[in-house]
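In the working numbering, the protein residues as written are 3 to 197.
Below: one structure, written as C-alpha cells.
Following this line, the structure appears as C-alpha cells:
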C-alpha cells in the first residue's frame, strides 16, 4: 500500500474508536473491490473509503462548533441530529487535515451518507461500500444488496436509497432532505423520466 494511505491509516488509528476504525478498513477494502469491478481509480477509492468517517467520532457539539468555525452550513435537521454532519465535516477535514486535493475524493466523502443527484461512479462506490462492508450488521435485504453491488451498481444504489428511507420513516427519524431528493432523482431516472 502506498505511503500516503499508510500515513492516513496511522493517524486515523489514534482518532477513531476501535469499532469505527474496523468499519473504516472494511469500507476502504470494499470500495477498492468495487473500484476494480467497475474500473474506477482504485487509489481514489481507497483514500475516500479510508477518510469517509474521519469526523464520525467527534462529539455532536464539536461537529457543530467546527462547522460554524469553518463556515460550513448546518441545517435544522443536522442541528437536531449532529451525527449527519460527519460527512460534510469529514470532507472538509480530508482536505485541510489530511491534505487531500482531489475534488472527486472530497465530494465522495461529502455525499456518502445522503447521496446526491448526479452521483459520480466514485460517489456511488463509497456510498455503497459504507452500507455493505463485511463488518456492517445484517440489515434487511443485505445479501441481495451485496450481490447487486457487484452486478448492477445503479440498481444497488436505488435499492439502498429505497431501503434507507423506508427504515428511517418506519422509525419516525427525521430524514435529511438530500436523501429524499437523491431518492426521487434516481427513482425518476429508473422510470425513464428526464432528469
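Glycine residues also receive a C-beta, built at the ideal position from the N, C-alpha and C atoms.
Only a predicted model underlies this, so the values are computations on that prediction, with no experimental measurement involved.
Legend entry - alpha helix (DSSP H) segments (min. 4 residues) lying fully within the region 134 to 182: Listed in chain order, the complete alpha helix (DSSP H) runs (minimum 4 residues) inside the region 134 to 182 are 144 to 153 and 155 to 172.
Inset, instruction - With distances taken Cα to Cα, identify the nearest neighbour of residue 93 among 135, 157 and 68. - result: Check the Cα spacing between residue 93 and each of 135, 157 and 68: the tightest is with 68.
Inset, instruction - Give the DSSP-derived three-state secondary structure of residue 194 in the structure shown. - result: Three-state result, residue 194: coil.
Inset, instruction - Take residue 183 as the anchor and find which of 171, 125 and 116 has the nearest alpha-carbon. - result: Ranked by Cα distance from residue 183, the options 171, 125 and 116 are led by 116.
Inset, instruction - List the endpoints of the continuous alpha helix (DSSP H) containing residue 110. - result: Counting along the chain, residue 110 sits inside the alpha helix (DSSP H) bounded by residues 105 to 112.
Inset, instruction - If I'm right that residue 90 touches residue 74 with Cβ under 8 Å, what's the distance once you round it to whole angstroms? - result: Sure, about 6 Å apart at Cβ, within 8 Å.
Inset, instruction - Please go through the same chain and pick out, in chain order, the residues whose beta-carbon is closer than 8 Å to the beta-carbon of residue 102, but skip the five residues on each side of it. - result: Closer than 8 Å at Cβ, skipping near neighbours: 49, 53, 96 and 108.
Inset, instruction - State the CB to CB distance for the pair residue 199 and residue 161, rounded to an integer number of angstroms; the pair is presumed to be in contact (CB under 8 Å). - result: Because the chain spans 3 through 197 in this model, residue 199 falls outside it and cannot be assessed.
Inset, instruction - For residue 42, name the three-state secondary structure that DSSP assigns. - result: Correct three-state label for residue 42: coil.
Legend entry - Status (buried if at least 16 other CB within 10 Å, exposed otherwise) for residue 21: Residue environment for residue 21: exposed (fewer than 16 other C-beta atoms within 10 angstroms of its C-beta).
Inset, instruction - Can you give me the start and stop residues for the alpha helix (DSSP H) that residue 96 sits inside? - result: The continuous alpha helix (DSSP H) containing residue 96 extends over residues 88 to 98.
Inset, instruction - Could you name the residues of the same chain whose beta carbon sits closer than 8 Å to that of residue 143, not counting the 5 residues immediately before and after it, in chain order? - result: The beta carbon of residue 143 is closer than 8 Å to those of 161 and 165 in its chain, skipping five residues each way along the sequence.
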